[in-house]
Each structure stands twice: as structure tokens, then as C-alpha cells.
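Peer 1: Residue numbers (our numbering): 4 to 274. Quick reminder that beta carbons are idealized off the backbone N, C-alpha and C, glycines included. Every value quoted in this text rests on a predicted model; they were computed, and no experiment measured them. This is the structure, below, for whatever I ask next.
What follows is the structure in C-alpha cells.
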């Protein structure tokens, strides 16, 4: 496992204040549902390639839940994040993995915009989950993600769903907040940070201009985004995950999910 570090002063500013709240939220219901559903969906993307050993990068990997899942499944993964605190959690978890899993993971400290210079390109799978929302201008990161996606590669993005920002305050009974949320392009999240939301049509346009075309998409947290507290366990968690999986890929449910998970591949010229 190789590790490259950059000064903490170069950390991405949008998320700096959210690291500790994020770590405290691990294991809470919204985090658990998100991680389970996104892992299922990423596995579906991987299976569709017909390949058993991909070269992947997780840009903004955080504590590494998705990246470690890929490494356990036999894929080579670069874990990239600007936060030393989050990477410390990842490295600690990695230390408890078998040698063969640790050998498939490389940890790099840096921002997504700098990723092509740090790690190159030609990846079979590029993950960027929960990152775009913290950037005032995401053009540079989208450029980098497109450059790193190989000719037969896939780009997996998870963003806040800009078409359904009125749903959470409505479900929480904050009626006064709903009209403004419906027309907003951002929100204050549960970490106490101001964040941006993205509409699928806008992502399609931005990535289409960079040679990528959407192949599939899901909604994540359709049914439980308004809930707080620890995730249930046992049969109750299984039932919740089964319900979320049942609606994640179907209309109208996915259009009102808290998060959008969209997967892009190289557009075929002339199509």
C-alpha cells in the first residue's frame, strides 16, 4: 500500500467543518441505508462489465466503505481524499483486512481536481460519491473525472437530488420551508454545512459535453431520509433495505429520493 500526503492546508474547504459530524454519523440510519444501496448498485455496474478484476479509483473516498468493498471483491482500488482525518479511519480499517485486500489498495491524499496528475487515468471504474455538493464550481472536478474514465470505463456519481429538495422538510413537518426548498439549488445538510444539489438533466448535459453518456440511475434513500438515529438491526434492517431496493430504480420513486446515483459511460460517436 503506497500513500502520498499533502499539507492539511490544501484540504477541500467545502467539507472541512463536516469531517467530525460525518464520522459521528457513521452507523446512523441514513448512512447505513446509503452505503448498502450504493454498494449494491456499484456491484451491479461491475457485474455488467463482465470482468472480475477492475482498476478503480474512489475520488473523495472518505472512510472508504465503497472502496474497501471493491477491494474485498478482488478489484485494484486507489482511495483518494484530501482529509487526513478520514484517511486515518480508512487506513485503520484497512489494517484489519487480509494481506490480499491490503495489497489491492493504494491510499493517496489529494483533491479530485488534482487526481489525473497524481494517479493518471484509464480507470475501469471511477467513483465520486457525495463530493460535488461541496464545490461552488464543479467544472474542474468533472473535467478530471472524465479524463480518468477509460475508453470502456464507467463513472459513478452520487449527488443530492436537486429535483426533490422540498421533500425532506415536508416529511419533517417544516411546512414553511417547503416552498423555498422546491426552487432552491442548495440546502443546509445534517452536518450543518451549506451544500449544492444537482439535477440529473444538468449532469447529463455537463458530462455529455465531456464525452460521457448516462447509462443508468437510481434513487437512494427514498423512504427514510427524514429519519434520525441508529440504523435498525436484524430483520428490521433487512426489511428497510428490501423496501429501499424495491423503489430505487423505479419511477416515480427514484425521482423523489434524497440522493441520485447516476452511472456514465463513454458515448459512442454518432449516438
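1) Could you give the distance in angstroms between the alpha-carbon of residue 158 and the alpha-carbon of residue 55?
2) Span of the alpha helix (DSSP H) holding residue 39?
3) Between the Cα of residue 266 and the Cα atoms of 48, 79, 40, 230, which residue gives the shortest distance?
4) Have a look at residue 249 and residue 39 and give me their C-alpha separation to the nearest angstrom.
5) In the DSSP output, which residue or residues are listed as bridge partners for residue 159?
6) Can you list, in chain order, the residues of its chain with a C-beta nearer than 7 Å to that of residue 219? Leave out the 5 residues immediately preceding and following it.
7) How should residue 254 be labelled, buried or exposed, when 16 other C-beta atoms within 10 angstroms of its C-beta is the threshold for buried?
8) Determine the contact status of residue 32 and residue 232, defining contact as a CB-CB distance below 8 Å.
9) Evaluate residue 84 with the Cβ neighbour count: other Cβ atoms within 10 Å of its Cβ, from every protein chain shown; 16 or more gives buried, anything less gives exposed.
10) Quick check on the burial criterion: 16 or more other C-beta atoms within 10 angstroms. Buried or exposed for residue 239?
11) Between residue 19 and residue 28, which are expected to be in contact by the criterion C-beta below 8 Å, what is the C-beta distance as a whole number of angstroms?
Peer 2: In short, the structure shows the following:
1) Distance between the alpha carbons of residue 158 and residue 55 is about 17 Å.
2) For residue 39, the enclosing alpha helix (DSSP H) stretches over residues 32-52.
3) The residue with the shortest Cα to Cα distance from residue 266 is 48.
4) Taking the Cα positions, residue 249 is about 13 Å away from residue 39.
5) According to DSSP, residue 159 bridges with 130, 266.
6) By the criterion of a C-beta distance shorter than 7 Å, residue 219 is surrounded in its chain by 266, once the five residues flanking it on both sides are discounted.
7) The residue is exposed, with fewer than 16 neighbouring Cβ atoms inside 10 Å.
8) In this structure, residue 32 sits near residue 232, with a CB-CB distance shorter than 8 Å.
9) Here residue 84 is buried, its C-beta having at least 16 other C-beta atoms within 10 Å.
10) Of the residues assessed, residue 239 falls on the exposed side of the cut-off, its CB having fewer than 16 other CB atoms within 10 angstroms.
11) In this structure, residue 19 and residue 28 do not form a Cβ contact; the two beta carbons are roughly 16 Å apart against a cut-off of 8 Å.
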